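Encoded as structure tokens, the structure appears first; notes follow it.
There are 2 protein chains.
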Amino acid sequence: MTDWTDPATPRTERARSWFEALRTRICSAFEAIEREAGSDAAFEYTAWDREADGAAVTDGGGGVRAVMKGKVFEKVGVNVSTVGGAFAPEFAGTIHGAAADNPGFTATGISLVAHMANPHVPAVHMNTRFLTTSKAWFGGGGDLNPPIPYTDDTAEFHAAFKGACDAHGADYYDRFKAWADDYFYIPHRKVHRGVGGIFYDHLECADDAGFDANFAFTRDVGEAFLYVYPRLVRRRMGMEFTPEDKLTQLQWRGRYAEFNLVYDRGTLFGLKTGGNIDAILMSLPPEAVWS
Amino acid sequence: MTDWTDPATPRTERARSWFEALRTRICSAFEAIEREAGSDAAFEYTAWDREADGAAVTDGGGGVRAVMKGKVFEKVGVNVSTVGGAFAPEFAGTIHGAAADNPGFTATGISLVAHMANPHVPAVHMNTRFLTTSKAWFGGGGDLNPPIPYTDDTAEFHAAFKGACDAHGADYYDRFKAWADDYFYIPHRKVHRGVGGIFYDHLECADDAGFDANFAFTRDVGEAFLYVYPRLVRRRMGMEFTPEDKLTQLQWRGRYAEFNLVYDRGTLFGLKTGGNIDAILMSLPPEAVWS
Numbered sequence: 001m002t003d004w005t006d007p008a009t010p011r012t013e014r015a016r017s018w019f020e021a022l023r024t025r026i027c028s029a030f031e032a033i034e035r036e037a038g039s040d041a042a043f044e045y046t047a048w049d050r051e052a053d054g055a056a057v058t059d060g061g062g063g064v065r066a067v068m069k070g071k072v073f074e075k076v077g078v079n080v081s082t083v084g085g086a087f088a089p090e091f092a093g094t095i096h097g098a099a100a101d102n103p104g105f106t107a108t109g110i111s112l113v114a115h116m117a118n119p120h121v122p123a124v125h126m127n128t129r130f131l132t133t134s135k136a137w138f139g140g141g142g143d144l145n146p147p148i149p150y151t152d153d154t155a156e157f158h159a160a161f162k163g164a165c166d167a168h169g170a171d172y173y174d175r176f177k178a179w180a181d182d183y184f185y186i187p188h189r190k191v192h193r194g195v196g197g198i199f200y201d202h203l204e205c206a207d208d209a210g211f212d213a214n215f216a217f218t219r220d221v222g223e224a225f226l227y228v229y230p231r232l233v234r235r236r237m238g239m240e241f242t243p244e245d246k247l248t249q250l251q252w253r254g255r256y257a258e259f260n261l262v263y264d265r266g267t268l269f270g271l272k273t274g275g276n277i278d279a280i281l282m283s284l285p286p287e288a289v290w291s
Numbered sequence: 292m293t294d295w296t297d298p299a300t301p302r303t304e305r306a307r308s309w310f311e312a313l314r315t316r317i318c319s320a321f322e323a324i325e326r327e328a329g330s331d332a333a334f335e336y337t338a339w340d341r342e343a344d345g346a347a348v349t350d351g352g353g354g355v356r357a358v359m360k361g362k363v364f365e366k367v368g369v370n371v372s373t374v375g376g377a378f379a380p381e382f383a384g385t386i387h388g389a390a391a392d393n394p395g396f397t398a399t400g401i402s403l404v405a406h407m408a409n410p411h412v413p414a415v416h417m418n419t420r421f422l423t424t425s426k427a428w429f430g431g432g433g434d435l436n437p438p439i440p441y442t443d444d445t446a447e448f449h450a451a452f453k454g455a456c457d458a459h460g461a462d463y464y465d466r467f468k469a470w471a472d473d474y475f476y477i478p479h480r481k482v483h484r485g486v487g488g489i490f491y492d493h494l495e496c497a498d499d500a501g502f503d504a505n506f507a508f509t510r511d512v513g514e515a516f517l518y519v520y521p522r523l524v525r526r527r528m529g530m531e532f533t534p535e536d537k538l539t540q541l542q543w544r545g546r547y548a549e550f551n552l553v554y555d556r557g558t559l560f561g562l563k564t565g566g567n568i569d570a571i572l573m574s575l576p577p578e579a580v581w582s
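Protein chains in written order, with this note's numbering: chain A, 1 to 291; chain B, 292 to 582.
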């Protein structure tokens with residue numbers, strides 16, 4: 001594994017190395033929670049290679065999908081992927097910094113979605129990534145999705161990301177929280193899919209100083225997630241719940257599936273460009289109802 | 292109710308009257324099946340009016356959504372709607388026969404989706420409609436969606452629609468079956484969503500003779516559905532099934548939800564133009580799993 005702290009290492013490799021290290025720490029933290037609940041559930045790791053067939057980019061790279069189905073974590077997936085190549089001409093024009101005559105790109109990132117067994121425990125999503133075309137930038141975010149919301153959980157989740165933001169830009173938190181509110185919204189139901197979080201994109205890395213600053217911010221976003229989410233899980237995982245609470249959760253998951261399949265840009269881009277289906281649809285809930 | 296057989300009645304009213312009559316006969320046939328299974332389940336009818344707020348068309352019309360949750364029919368919805376008005380300028384250009392300076396339209400149709408309790412009983416979809424802009428046309432179709440396919444069910448379903456097609460156009464069946472195979476396909480999984488049926492659109496009604504011919508075909512499509520589907524339900528509804536069969540059905544329904552939310556033109560058009568959510572999403576399965 002490349003050393004993400006070594007400035008002599010190429011940028012994409014440094015970012016990839018961090019995402020992999022973060023993945024390992026998160027999986028370990030989640031497995032520790034399963035142990036506390038008396039379960040021996042563990043993540044299963046599956047490597048995949050990007051297939052050229054039908055893909056909108058030429059071949060290159062792959063990833064590792066880690067999935068655990070446990071007692072507390074009904075289904076949690078953590079995917080780290082690193083791909084590169086050239087966009088097909090019809091896509092290149094739609095991609096930041098790419099063009100038909102300059103279609104090359106690299107992308108590395110971590111994405112995580114957890115659907116929880118107990119409806120009092122919030123579901124969660126977190127994703128950070130580093131992309132290069134003729135430009136280079138970081139993006140990412142995280143949002144909390146409680147079927148049964150608690151104001152203190154929501155406040156603590158937001159406070160953790162505010163801490164990460166405030167250390168790197170005076171306007172970051174307000175901008176990125178508003179961006180999440182705008183993005184994680186289901187127009188046809190006129191509701192948000194959860195209680196929000198942060199969303200950011202196009203943190204441009206024009207030079208080494210820009211890369212270092214944005215990489216440090218993205219690492220702090222990961223650290224904030226790793227700090228706050230296990231706290232919320234432990235707070236709620238032992239609560240009693242009724243069949244009505246479970247039904248509330250399953251109906252709420254139907255909305256979540258609607259958002260991801262109708263609106264989520266990453267999901268649609270992946271599906272329509274021949275990406276790895278299991279990795280793309282890892283975000284879908286293990287069970288949902290529309291009733 | 293307008294008489295759909297009276298040529299002096301306006302076309303949209305004749306079509307609407309037929310769709311409503313067909314709805315009533317279908318609901319009655321499905322309730323009879325519930326009685327045979329010892330259930331007293333019945334359709335519940337909910338009228339809705341088109342809301343102007345956020346809609347891409349100006350106000351006008353509404354519909355009736357009929358939903359039954361029974362012992363054989365886990366969830367079946369039959370929606371008849373009749374709306375009219377003017378498309379917003381940004382939509383008018385994308386609609387057959389409409390334009391920014393001629394945005395008026397009417398649309399009436401019936402749509403039906405049945406998700407069945409027993410995984411041996413095929414789910415089904417059927418929809419027929421009549422639209423007017425500066426043009427007038429019928430469209431529709433039906434497709435069979437068995438979680439556990441049986442070749443004789445599939446053959447009988449296709450034969451019924453072939454009969455309807457052959458009575459109206461020598462090339463109808465081949466064209467409309469191929470159209471269904473093309474339409475009801477999930478590209479990201481490289482599978483069809485079911486075993487097909489027929490799909491047709493833009494059967495133009497340039498004059499009274501054209502209207503009469505296409506209306507007669509659309510009625511025969513409805514009759515074919517009403518003939519064949521209850522036969523298939525009765526054939527399979529008493530079969531034993533295992534928990535593995537049920538899981539197969541729930542996973543298969545996840546694919547069905549993916550098709551409807553990612554690709555189905557009617558669903559996406561409805562969601563993005565401010566249509567009635569409950570009517571649009573009536574097609575989603577009562578329960579689905581992604582595992």
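Ideal placement from N, C-alpha and C gives every residue a C-beta, glycine not left out. If you're wondering where the values come from, they're calculated on a predicted model, not measured in any experiment.
Below-8 Å beta-carbon distance, residue 52 of chain A vs any chain B residue
Indexing the first sequence from 1 puts residue 52 of chain A at position 52. Because the pLDDT at residue 52 of chain A is just 48, under 50, the model does not fix this residue reliably, and the point stays unresolved.
Could you check which residue in A:66, A:134, A:11, A:242 has the C-alpha nearest to that of residue 114 of chain A?
To locate residue 114 of chain A, count along the first sequence from 1; it is residue 114. Nearest C-alpha to residue 114 of chain A: A:66.
Alpha carbon to alpha carbon, what distance is there between residue 291 of chain A and residue 253 of chain A?
The residue labelled residue 253 of chain A in the question sits at position 253 within the first sequence. The residue labelled residue 291 of chain A in the question sits at position 291 within the first sequence. Between residue 253 of chain A and residue 291 of chain A, the C-alpha separation is close to 12 Å.
Any beta carbon from chain B within less than 8 Å of residue 119 of chain A's own beta carbon?
Stepping through the first sequence from its first residue, residue 119 of chain A is reached at position 119. No, no contact with chain B.
Alpha helix (DSSP H) containing residue 145 of chain A: first to last residue?
As a first step, residue 145 of chain A must be located in the first sequence, where it is residue number 145. From DSSP, residue 145 of chain A is part of no alpha helix (DSSP H) but of the beta strand (DSSP E) over 136-145.
Going by beta-carbon coordinates alone, are residue 459 of chain B and residue 507 of chain B separated by less than 8 Å?
Numbered from its first residue, the second sequence carries residue 459 of chain B at position 168. Numbered from its first residue, the second sequence carries residue 507 of chain B at position 216. Going by C-beta atoms, residue 459 of chain B is nearer than 8 Å to residue 507 of chain B.
Answer with yes or no whether the minimum CB distance from residue 325 of chain B to chain A is below 8 Å.
Here residue 325 of chain B refers to the residue found at position 34 of the second sequence. Cβ-Cβ to chain A under 8 Å: no for residue 325 of chain B.
Residue range of the alpha helix (DSSP H) that residue 214 of chain A falls in?
Position 214 of the first sequence, counted from the first residue, corresponds to residue 214 of chain A. 208-236 is the span of the alpha helix (DSSP H), which, as asked, contains residue 214 of chain A.
Where does residue 530 of chain B land, buried or exposed, given buried means 16+ other C-beta within 10 angstroms?
Reading the second sequence from its first residue, position 239 is the one you call residue 530 of chain B. Label assigned to residue 530 of chain B: exposed.
Taking only beta-carbon atoms, is residue 112 of chain A less than 8 Å away from chain B?
The sequence position of residue 112 of chain A within the first sequence is 112, counting from 1. No - not a single Cβ of chain B is within 8 Å of the one on residue 112 of chain A.
Using 8 Å for Cβ pairs, my map puts residue 48 of chain A next to residue 21 of chain A. What's the rounded Cβ distance?
Taking the first residue of the first sequence as position 1, residue 48 of chain A is located at position 48. Taking the first residue of the first sequence as position 1, residue 21 of chain A is located at position 21. About 20 Å; that fails the 8 Å criterion.
Excluding the 5 residues preceding and the 5 following residue 548 of chain B in the sequence, name in chain order all residues of the same chain whose CB lies nearer than 8 Å to its CB.
Position 257 of the second sequence, counted from the first residue, corresponds to residue 548 of chain B. Counting only Cβ-Cβ distances below 8 Å, and skipping sequence neighbours, we find 575, 576, 579.
Alpha helix (DSSP H) containing residue 94 of chain A: first to last residue?
Locating residue 94 of chain A in the first sequence gives position 94, counting from the first residue. Looking at the DSSP string, residue 94 of chain A is not in any alpha helix (DSSP H), and its letter there is neither H nor E.
Does DSSP classify residue 295 of chain B as helix, strand or coil?
Locating residue 295 of chain B in the second sequence gives position 4, where the first residue counts as 1. Note: residue 295 of chain B maps to coil in three-state DSSP.
Below 8 Å between beta carbons: does that hold for residue 388 of chain B and residue 372 of chain B?
Reading the second sequence from its first residue, position 97 is the one you call residue 388 of chain B. Reading the second sequence from its first residue, position 81 is the one you call residue 372 of chain B. No, the pair does not count as a contact, with Cβ atoms beyond the cut-off.
Is DSSP giving residue 412 of chain B helix, strand or coil here?
Counting from one through the second sequence, the residue named residue 412 of chain B turns up at place 121. If DSSP states are grouped into helix, strand and coil, residue 412 of chain B belongs with coil.
At a Cβ cut of 9 Å, what residues of the segment 349-372 of chain B count as close to chain A, listed as they run along the chain?
360, 366
Residue from B:519, B:376, B:365, B:472 with nearest C-alpha to residue 410 of chain B
By 1-based counting over the second sequence, the position of residue 410 of chain B is 119. Closest option to residue 410 of chain B, Cα to Cα, is B:365.
Taking the alpha-carbon positions, what's the residue 198 of chain A to residue 185 of chain A distance?
Position 198 of the first sequence, counting from 1, holds the residue named residue 198 of chain A. Position 185 of the first sequence, counting from 1, holds the residue named residue 185 of chain A. The straight-line gap from Cα to Cα measures roughly 13 Å.
Beta-carbon separation of residue 303 of chain B and residue 423 of chain B under 8 Å?
Your numbering for residue 303 of chain B matches position 12 in the second sequence. Your numbering for residue 423 of chain B matches position 132 in the second sequence. It is a contact, given that the beta carbons lie within the stated cut-off.
Is there a Cβ from chain A that is less than 8 Å from the Cβ of residue 562 of chain B?
The residue you call residue 562 of chain B lines up with position 271 of the second sequence. With 8 Å as the cut-off, residue 562 of chain B counts as an interface residue toward chain A.
According to the Cβ coordinates, are residue 194 of chain A and residue 230 of chain A closer than 8 Å?
Position 194 of the first sequence, counted from the start, is the residue given in the question as residue 194 of chain A. Position 230 of the first sequence, counted from the start, is the residue given in the question as residue 230 of chain A. Cβ atoms of residue 194 of chain A and residue 230 of chain A: not closer than 8 Å.
Quick check on residue 188 of chain A: does DSSP put it in helix, strand or coil?
Working through the first sequence from its first residue, we reach residue 188 of chain A at position 188. Coil.
Under a Cβ-count criterion, where at least 16 other Cβ atoms within 10 Å of its own Cβ denotes burial, should residue 127 of chain A be classed as buried or exposed?
Looking up residue 127 of chain A in the first sequence gives position 127. So residue 127 of chain A counts as buried.
Would you say residue 526 of chain B lies against chain A (beta-carbon separation less than 8 Å)?
Here residue 526 of chain B refers to the residue found at position 235 of the second sequence. So, not an interface residue.
Using a Cβ-Cβ distance cut-off of 8 Å, determine whether residue 479 of chain B contacts chain A.
As a first step, residue 479 of chain B is located in the second sequence; it is residue number 188 there, counting from the start. With 8 Å as the cut-off, residue 479 of chain B counts as an interface residue toward chain A.
Closest Cα partner of residue 464 of chain B within the set B:425, B:511, B:375, B:478
The residue given as residue 464 of chain B occupies position 173 in the second sequence. Answer by Cα proximity: B:511.
Quick one, which of A:187, A:191, A:196 has its alpha-carbon nearest residue 180 of chain A's?
The residue labelled residue 180 of chain A in the question sits at position 180 within the first sequence. Residue A:196 is the option with its Cα nearest to residue 180 of chain A.
Can you check which of these residues, B:467, B:483, B:300, B:370, is closest to residue 403 of chain B by C-alpha distance?
The sequence position of residue 403 of chain B within the second sequence is 112, counting from 1. When each option's Cα is compared against that of residue 403 of chain B, the closest is B:370.
Cβ-Cβ distance between residue 467 of chain B and residue 491 of chain B below 8 Å
The residue you call residue 467 of chain B lines up with position 176 of the second sequence. The residue you call residue 491 of chain B lines up with position 200 of the second sequence. Yes, Cβ-Cβ distance for residue 467 of chain B and residue 491 of chain B is below 8 Å.
Does residue 42 of chain A get closer than 8 Å to chain B when you measure Cβ to Cβ?
As a working mapping, residue 42 of chain A is identified with position 42 in the first sequence. No, residue 42 of chain A lies away from the interface with chain B (no Cβ there is under 8 Å from its Cβ).
C-beta neighbour in chain C for residue 534 of chain B, strict 8 Å:
Here chain C cannot be found, since the structure's protein chains are A and B.
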